[in-house]
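Enquirer: Have a look at the structure that comes next, please.
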Amino acid sequence: MVVTELESDRPAGRPGFKVLASIARDGAREVPPDLATCSDCLAELFDPADRRYRYPFINCTNCGPRATIIAELPYDRCQTTMAAFPLCEHCAAEYADPGDRRFHAEPVACPACGPRLAWVPSAPAGGASPTAQDDEALRHAVAAIAGGQIVAVKGIGGYQLVCDATNTQTVQRLRERKARPDKPLAVMVPDVAAARRLAWVSTDEERLLASVAAPIVLLTERPGPDALPSCVHPDTDKVGLFLPHTPLHHLLLHDLARPLVVTSGNRSDEPIAIDDVDAFARLGGIADSALTHDRRIRARYDDSVARVIGRRPALVRRARGYAPEPIALPDRPATPLLAAGAQLKHTFALADHDRAILSPHIGDLSDHDTFSAFEATLEHLSKLVAISPDAVAYDLHPAYLSTQYATRWPSDRRVPVQHHHAHVASCAAEHGITEPFLGVAYDGLGWGDDGTLWGGELLVADLSGYRRAGRFGTAPLPGGEAAIRRPARMALGYLFGTEPLGAPDVDPDLVRLFTGRLADREVATVRRMITRGFNSPRASSAGRLFDAVSSILGIRDDATYEGQAAIALETAAGGAPAAELPWRLTRSGDVWVYDPKPTLAALLEAASNGEPARQLAAAFHATVVAVTVALCVETAKDTGLRTVCLSGGVFQNELLTAALTSGLRGEGFFVYRNERVPTNDGGISYGQAAVAAARMKGA
Ligand SMILES: [Zn+2]
Ligand SMILES: [Zn+2]
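Set out below in structure tokens:
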């Protein structure tokens, strides 16, 4: 096969340009990501004189589905799910004309020959039949959404649940049915002007919103008469907005002329539904009706989520529009690799030559359906990109299903990679840093190399190895996983059990200020668990400390999703300027340990003196910044290292990340953050691939 051109930086309309899923460098195969509707197609979509007027599947060489419809490479229509739609005379002529915008546009279609919409008025489990097609189907959907229904809409990479974002009752009903009580819901708006009515949009954010990948962009809400109801994004002033990325979404937004909740078609953390039968079965209890079509979705691609931090875009969830575009690896793996990823926000990576190909976001792997989605995506993607791995990189956590999957491989083909090393390596690798660096890995929990739980770590690292140089003091997680869902328990863990256990405890009178507002029974039970060490594994977690502080300040005692209490704490802090609270670093062997007890005591004392939670939340952020800068400064004295890589889910906290970056720069450090891969566990697979490649090179 001959390569004519490789799509690299997404050309604007160039007649005769052929986008190929190409055989690129080193014979490597690449699968092009999906592209949002281009301006030429958009103009035709709303031009009554055009033969594709209001046709929901309009596309051209510069836009439309790619990765979601490709069954085999090379990328030719006959190898996509568009093979089921023979071209009409008109479309065939455009497809064959080198002067036409649709020359070799593989998914080209029109109302005469292409996919058709269908309206299914109710979506009972086990089958429903459409009652209307085409524009009539669309009109039914528009009326249903306007009337307060939740409609399952077959999107480009999976089903989505769509409803009126301004209708509080409907949004609440969606939350109940989807078993998602609090986690923010994404909202689609027709254009950038509409986004500006709901949120503050900088030029960098505007560029991201309007990019061909069209991700959900996390923005700061703009108070005013147009503000979305708080049930769309409780706990946070951040709202996830995105623009229509398919003609169907453009039509819905045009006809409804209001912001719409557009969220993944799944229950909680299950994989997004792509198959019609599966969608009706699983979404039947959530959606009132469905707007579907007859173009099959071959591969599952959820909507991507991104934000701008410090003028740089950073991906929070990497899927539609980005995956499976390769990301460079600094070291070439000796053999083709699979990096099995972590557990939550799961992705995997395939690597060969100088590239890693990350799967789209898959979900929480502990769910059985998600694990099946992992296996199916792995099989499909490795076939498409022609990588059949000879070795597997994986996390140390014995309970991760990705680890259990990897440990079925022969031991001489396995490369274990510590969780926080993978985090900081993911940051270093995407910036091409191959020299030693200081890695700050702050997250919820990850398995340490000593068999304990880590999560507030300073590593002296390079891509192939690391040494633990600093960490947060450990506290017990009373009830294990249960402590994640109940930050109040985590607070008790810190107040009753933070190491070093010999050092002065938090003054019991201050502790009573907190325990006094909890049920006596809970306090007694948790205290007993901690003193007896019963089901209370210890963790050196930064994320759990944020949870605990959120509860201590009375901001959130419970969490229905990971990070909720910390998000509420960040939101409470707002932009309030604050001085740091007391803190203490101790030395244990050659590891610096942050003892948070003085910080917690100061929080309790200030709260009892009536200082507002908002101020104290800001002071806590300032304290974590000061502690982290001190850890880096101390470690730099021994090592001479000036490069710092920040990674881990805690760095989704914009306030912390921005303040820490400027604090470290003030001390002369060069600071790097994840941009192309998520800083949360969605980026772990890329970090594992970078570490395994570096180790193989040295072996
Ligand atoms: Zn187009
Ligand atoms: Zn046609």
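Everything in the sequence shown is counted per the numbering used here, starting at 732 for the first residue and increasing by one.
Here a beta-carbon is modelled for each residue, glycine too, at the ideal position from N, C-alpha and C.
Is serine 1035 helix, strand or coil by DSSP?
Expert: Coil at serine 1035, not helix or strand.
Enquirer: Compute the Euclidean distance between the alpha carbons of arginine 1202 and threonine 1330, then round it to the nearest angstrom.
Expert: Taking the straight line from one Cα to the other gives about 16 Å.
Enquirer: Given isoleucine 1261, which residues of its chain have a CB within under 7 Å of its CB, disregarding the five upstream and five downstream residues?
Expert: Cβ within range, chain order: Pro1207, Pro1209, Gly1224, Phe1227, Gly1228 and Ser1267.
Enquirer: When you compare each of Asp1180, Ala1156 and Trp1185 to serine 1195 by their alpha carbons, which one comes out closest?
Expert: Considering only alpha carbons, the answer is Ala1156.
Enquirer: Over the uninterrupted beta strand (DSSP E) stretch that includes tyrosine 1403, give me the two end residues.
Expert: Per DSSP, tyrosine 1403 belongs to the beta strand (DSSP E) from 1401–1404.
Enquirer: Need the endpoints of the alpha helix (DSSP H) that phenylalanine 1277 sits in, please.
Expert: Per DSSP, phenylalanine 1277 belongs to the alpha helix (DSSP H) from 1273–1283.
Enquirer: Who are the Cβ neighbours of arginine 1407 in its own chain at under 7 Å, not counting the five residues just before and after it?
Expert: For arginine 1407, where only same-chain residues beyond five positions count, the Cβ hits under 7 Å are Leu1046, Ile1058 and Glu1161.
Enquirer: Taking the straight line between their C-alpha atoms, what separation do you get for proline 978 and proline 787?
Expert: Near 5 Å, if we compare the C-alpha coordinates of proline 787 and proline 978.
Enquirer: How would you write the range of the alpha helix (DSSP H) that aspartate 1083 sits in, first residue to last?
Expert: Segment 1080–1083 is the beta strand (DSSP E) holding aspartate 1083; no alpha helix (DSSP H) there.
Enquirer: Tell me the start and end of each unbroken alpha helix (DSSP H) in the stretch 847–904 that is at least 4 residues and wholly inside, in chain order.
Expert: Runs of the alpha helix (DSSP H) inside the stretch 847–904: 865–877.
Enquirer: Could you tell me the distance, in whole angstroms, from the CA atom of alanine 1137 to the CA atom of alanine 1424?
Expert: Each residue's Cα considered, the two are about 17 Å apart.
Enquirer: Check whether the Cβ of cysteine 841 sits closer than 6 Å to any heavy atom of ligand 4, and report yes or no.
Expert: For the structure depicted, ligand 4 is absent and the ligand set comprises only ligand 1 and ligand 2.
Enquirer: Measure the CB-CB distance between glutamate 1293 and alanine 1353 and report whether it falls below 7 Å.
Expert: Contact flag unset, no.
Enquirer: Hey, would you say the C-beta of cysteine 822 is under 6 Å away from at least one heavy atom of ligand 2?
Expert: Yes; taking the cut-off as 6 Å, the Cβ of cysteine 822 has a heavy atom of ligand 2 nearer than that.
Enquirer: Can you pull every residue whose C-beta falls closer than 5 Å to some heavy atom of ligand 1, listed in chain order?
Expert: Having a Cβ closer than 5 Å to some heavy atom of ligand 1 are Cys769, Cys772, Cys791, Asn793 and Cys794.
Enquirer: Is cysteine 844 near ligand 2 - that is, is its Cβ less than 6 Å away from at least one heavy atom of it?
Expert: Because some heavy atom of ligand 2 lies under 6 Å away, the Cβ of cysteine 844 counts as near it: yes.
Enquirer: Between which two residues does the alpha helix (DSSP H) holding histidine 1099 run?
Expert: Per DSSP, histidine 1099 belongs to the alpha helix (DSSP H) from 1099–1115.
Enquirer: From the DSSP output, read off the bridge partner residues of serine 995.
Expert: Serine 995 pairs with Gln891.
Enquirer: In chain order, what residues of the same chain lie with their CB nearer than 7 Å to the CB of proline 1313, ignoring the 5 residues before and after it?
Expert: Here the set comprises Pro1329, Thr1330 and Ala1333.
Enquirer: Residues in its own chain within less than 6 Å of isoleucine 947 by CB, not counting five upstream and five downstream?
Expert: Cβ neighbours of isoleucine 947 beyond the five flanking positions: Ala917, Gly971, Phe973, Asp1034 and Val1036.
Enquirer: Please work out which residues of its chain come closer than 6 Å, Cβ to Cβ, to proline 921, disregarding the five sequence neighbours upstream and downstream, and give them in chain order.
Expert: Only Leu984 meet the Cβ criterion.
Enquirer: Using only the alpha-carbon positions, how far apart do glutamine 1419 and threonine 899 sit?
Expert: Spanning the two alpha carbons is a distance of roughly 43 Å.
Enquirer: Any heavy atom of ligand 2 within a distance shorter than 6 Å of the CB on cysteine 819?
Expert: Checking every heavy atom of ligand 2 against the Cβ of cysteine 819, one is found closer than 6 Å.
Enquirer: Please name the residue or residues paired with arginine 1199 in a DSSP beta bridge.
Expert: BP columns for arginine 1199 point to Leu1190.
Enquirer: So what's cysteine 791 in DSSP terms, helix, strand or just coil?
Expert: In the structure shown, cysteine 791 sits in a strand (DSSP, three-state: E or B).
Enquirer: Arginine 1038 to arginine 928, Cα distance in whole Å?
Expert: Computed Cα separation, rounded: 18 Å.
Enquirer: Below 7 Å CB to CB, which residues in the same chain sit around glycine 1041 once its five sequence neighbours on both sides are set aside?
Expert: Cβ within range, chain order: Ala1389 and Thr1392.
Enquirer: Please list the terminal residues of the continuous beta strand (DSSP E) segment that includes cysteine 1376.
Expert: Taken as a continuous stretch (DSSP letters only), the beta strand (DSSP E) holding cysteine 1376 covers 1374–1378.
Enquirer: On a CA-only basis, which of Arg1269, Gly1320 and Ile1215 is nearest serine 1281? Give me that one, please.
Expert: Selected option, being the one with the closest Cα: Ile1215.
Enquirer: Considering Cα atoms alone, identify which of Gly886, Pro1064 and Val851 is closest to methionine 1427.
Expert: Taking only the C-alpha atoms, the option nearest methionine 1427 is Pro1064.
Enquirer: Specify, as a first and last residue, the run of the alpha helix (DSSP H) that alanine 827 falls within.
Expert: It spans 820–827 - the alpha helix (DSSP H) in which alanine 827 sits, taken as one unbroken run.
Enquirer: Can you give the Cα-Cα distance for threonine 1165 and threonine 1078, rounded to whole angstroms?
Expert: C-alpha separation (whole angstroms): 23 Å.
Enquirer: Does the separation of the CB atoms of aspartate 771 and lysine 1076 fall below 7 Å?
Expert: No, they are not a contact pair.
Enquirer: Following the continuous beta strand (DSSP E) through glutamate 952, name the residue where it begins and the one where it ends.
Expert: 947–952 is the span of the beta strand (DSSP E), which, as asked, contains glutamate 952.
Enquirer: Please list, in chain order, all residues of the same chain as valine 882 whose beta carbon is under 8 Å from its beta carbon, the five residues on each side excluded.
Expert: So the qualifying residues of the chain are Ala872, Ala875, Ile876, Leu892, Val893, Cys894, Ala1018, Asp1019, Ser1020, Ala1021 and Leu1022.
Enquirer: I need the DSSP call for arginine 1042, collapsed to helix, strand or coil.
Expert: It is coil, neither helix nor strand.
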